[in-house]
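The structure under discussion appears below in the form of structure tokens.
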Amino acid sequence: MSENLIEVQGLTKKYGEFVAVNGIDFHVRKSESFGFLGPNGAGKSTTMRILAATSRRTSGEVSVLGRDPEIHGPQIRAHLGVVPQEGNLDVQLTVTENLYIYGRYFGLSSKFIRSKIDDLLEFAQLEEKRDTKVDALSGGMKRRLIIARSLVSDPDILILDEPTTGLDPQARHILWDRLFRLKEDGMTLLITTHYMDEAEQLCDRLIVMDKGSIMSEGSPAELIREHSTREVLEVRFGSEQNVRMAPAMEKFCDRIEVLPDRILLYTEDAEAVLEEIVGAGHSPKTSLVRRSSLEDVFLRLTGRSLID
Amino acid sequence: MTLLGTTRKVPKFGARYVLESQIRAMLKFFWLIAAMAILNPLLYLVSFGIGVGSLISQHIGPHGIDGVSYLTFIAPALLASSAIQSSMDETIFSTLEGFKWRKLFFGMNATPQTGNTIAGGVFLAAMVRTVIGVSVYSAILYFFGAMNSPHAYLAIPIAIFAGASFGAIMLAFASHVHNEDLFLTIIGRFLIGPMFLFSGTFYPLKSLPSALQIFGWISPLWHATELGRYATYGHQISVTMVIIHFAFLLVMLVVGLFFGFRQFSRRLAK
Ligand SMILES: Nc1ncnc2c1ncn2[C@@H]1O[C@H](COP(=O)(O)OP(=O)(O)OP(=O)(O)O)[C@@H](O)[C@H]1O
Ligand SMILES: [Mg+2]
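From first to last, the protein sequence lines stand for chains A and B.
Residues in the first sequence are numbered consecutively from 29, following our numbering.
Residues in the second sequence are numbered consecutively from 11, following our numbering.
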């Protein structure tokens, strides 16, 4: 009995002649954490903006919370929290002031907002920075503040466009922890990312997008099962040698991918394949046995790496 | 089926929340704005009103221009130009700030606010600043004895009206701007400069060669100045001209708001 908070059919967005989103279909259920994984220019932000009722679509059907964002934009936006890819905090105001004015845009009373600010600051771990100008915050702090800001109106759906891009690993982990808490509290999350680890950690279900189209859809585990093998063996023969060694490597498994710096061998048992390779007299400079990830799914689906 | 609860509504008259945040932003520059509001009139009054004014009364007589003292003559023009200046500053910079420099409008637009409410809030904030600026200015004029014609106070609403008209036009222009350097150069060099020089501010427009009088005709400042002089000390103009001056400013206001609001909405919904 899970209801769909978002339903999208044949969504297309053109900028002039250029097709940024090309007839995509998907739906998002209540309390689901739904991801959009794709490289630069895949159309993730464009899709997000249309769902957030801040951009008009060219064609297709879109329903957010049961209504058409093009007709009921303000009503829908009253129920959304949005974390845009490009920060748009008011850097001349303090942390608290930013939370406050944003709440006011929703028409919330000063009293209500003030009662929420402490919780939001705690959530964003910015209690000590409450009266600091946003100018003086680090990238990670700004990102956390934008997320806190998006929560000021108690949204039903939280839309996050690349929440952790540009952050160092530690800052990303702090953010993931915050988002994970929201997910546990039953918040419906929409997350775009080009980090497969982020998608794997946070998303119940995701679509892989490339050049405006959906390449595949499913849970991270399903996608890996469907499009990749259980394990991957990475071998490096040195930059010049990889391409030359590729034909030889093909014999050891069903599928390989040759990247500039390494060869990936897709197999159910990577250890065994490595033994065979060494047994056959090849000597890779380094080798790595690992489980398949969404990166491999993406490589399979598009022939390209996620981060270019 | 609709899943939208009734708990959260779109706020009524959302522009007031945008107004509120614009004023908050203005307060960050309170001292700068206050200093400008006070120093500007002082500079003009001392240099023109008193300097030029005493020259005129020495050489032409105390009722040298238009049958009134020079201060009385320039007061409505100074008020209107200050109103135009503050509403222009506020609409242009808030709009560039919001669309380009800090992209604040895109943040506002992720809430129930719309292009219309945002444009409305920006315009209202410019009007708040204009009203305050004009009030301070007229207090200083009063102190200098430049507001002692019987209906001098009428210059205040007329100046505010002129500020609203010009602010509306600038809101519309600025909302279309993608290359702000070019825009600001054009505005500063080719619009504002000539407008202040050729609008009959410091001497009657009639004393200019007729080719240059055209600048006055297309200048809201001239129309406002003529209206102000008519209202404050009975400057001789025909009823037709009064209507033309008024209509000019009104059309500017309506056209500016129409195109401004429309472009705000379009640009935010790309
Ligand atoms: N306002 C616009 N005008 C013209 N083209 C646009 C506009 N916005 C996006 N595009 C184009 O649409 C395509 C998709 O852009 P979009 O921002 O949705 O990609 P994305 O998946 O979010 O990429 P990234 O990972 O870089 O954020 C890109 O080729 C982009 O150049
Ligand atoms: Mg993007």
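Cβ coordinates follow ideal geometry from the N, Cα and C atoms, glycine included.
For phenylalanine 62 (chain A), the enclosing beta strand (DSSP E) starts and ends at 61 to 65.
A distance of 7 Å or more separates the beta carbons of leucine 218 (chain A) and phenylalanine 54 (chain A). Tryptophan 232 (chain B) sits buried, since 16 or more C-beta atoms from the chains shown fall within 10 Å of its C-beta. Per DSSP, threonine 295 (chain A) lies in no alpha helix (DSSP H) segment; the continuous beta strand (DSSP E) that holds it begins and ends at 291 to 295. Rounded to whole angstroms, the Cβ separation of glycine 167 (chain A) and leucine 195 (chain A) is 6 Å, and the two are in contact under 8 Å. Excluding residues up to 5 positions away in sequence, Gln37 lie with their Cβ nearer than 6 Å to the Cβ of glutamate 89 (chain A) in the same chain. Spanning the alpha carbons of threonine 140 (chain B) and serine 96 (chain B) requires a straight line of approximately 6 Å. For the pair of segments examined, the region 50 to 66 of chain B was found not to touch the region 154 to 173 of chain A: the number of CB pairs separated by less than 8 Å stays below three. For alanine 165 (chain B), the three-state secondary structure derived from DSSP is helix. Going by beta carbons, alanine 149 (chain B) and alanine 90 (chain B) fall outside the 7 Å limit. At least one heavy atom of ligand 1 lies closer than 6 Å to the C-beta of serine 73 (chain A). Relative to the Cα of methionine 215 (chain A), the nearest Cα in the group A:Arg57, A:Gln269 and A:His222 belongs to A:Arg57.
Annotation for glutamine 95 (chain B): the continuous alpha helix (DSSP H) segment containing it runs 80 to 106. Contact between isoleucine 168 (chain B) and leucine 237 (chain B) is confirmed by a C-beta separation of about 5 Å, below the 8 Å threshold. With a threshold of 6 Å, the Cβ atom of glutamine 273 (chain B) does not count as near ligand 2, since no heavy atom of the ligand is closer than that.
Non-local beta-carbon contacts of glutamine 273 (chain B) in its own chain, meaning distances under 7 Å to residues more than five positions away in sequence, involve Ala182, Ser185 and His186 in chain order.
Think of a sphere of 7 Å around the beta carbon of methionine 118 (chain B): the chain A residues whose beta carbon falls inside it are Tyr133, in chain order. When DSSP states are grouped into helix, strand and coil, asparagine 119 (chain B) belongs to the coil group. In this structure, the C-beta of alanine 48 (chain A) approaches ligand 1 to less than 6 Å from one of its heavy atoms.
Considering only B:Ser92, B:Ala129 and B:Gln123, the residue with the shortest C-alpha distance to serine 104 (chain B) is B:Ala129. Relative to ligand 2, the nearest heavy atom lies less than 6 Å away from the CB of glutamine 113 (chain A).
Here the distance from the Cβ of asparagine 270 (chain A) to the nearest heavy atom of ligand 1 is not below 6 Å. Setting aside the 5 residues that flank it on each side, phenylalanine 151 (chain A) is surrounded in the same chain by Ala176, each with a C-beta closer than 6 Å to its C-beta; the list follows chain order. For histidine 69 (chain B), the enclosing alpha helix (DSSP H) starts and ends at 63 to 69. For isoleucine 174 (chain A), the enclosing alpha helix (DSSP H) covers residues 167 to 178. Counting only runs of at least 4 residues, the region 162 to 250 of chain B fully encloses the following alpha helix (DSSP H) elements, listed from N- to C-terminal order: 165 to 186, 190 to 195, 203 to 207, 220 to 227 and 230 to 243. Under a criterion of Cβ atoms nearer than 8 Å, no residue of chain B is adjacent to alanine 48 (chain A); the nearest Cβ is some 11 Å distant.
The nearest non-hydrogen atom of ligand 1 is less than 6 Å from the C-beta of alanine 70 (chain A).
Remark: fewer than three beta-carbon pairs, one from each stretch, lie closer than 8 Å, so the region 195 to 206 of chain B and the region 254 to 274 of chain B are not flagged as touching. Ranked by Cα distance from proline 191 (chain A), the options A:Glu226, A:Thr295, A:Glu60 and A:Ser320 are led by A:Glu226. Here the alpha carbons of leucine 230 (chain A) and arginine 206 (chain A) stand approximately 11 Å from one another.
In the structure shown, phenylalanine 134 (chain A) falls within a coil segment according to DSSP collapsed to helix, strand and coil.
Proximity to phenylalanine 265 (chain A) across A:Met277, A:His255, A:Glu254 and A:Thr257 peaks at A:Met277, based on C-alpha coordinates.
Under the Cβ criterion (8 Å, minimum of three pairs), the region 66 to 83 of chain A does not count as touching the region 244 to 252 of chain A. In terms of beta-carbon proximity, asparagine 116 (chain A) lines the interface with chain B, with at least one pair separated by less than 7 Å. Using a Cβ-Cβ cut-off of 7 Å, isoleucine 129 (chain A) is close to Ser31 and Arg34 of chain B, given in chain order.
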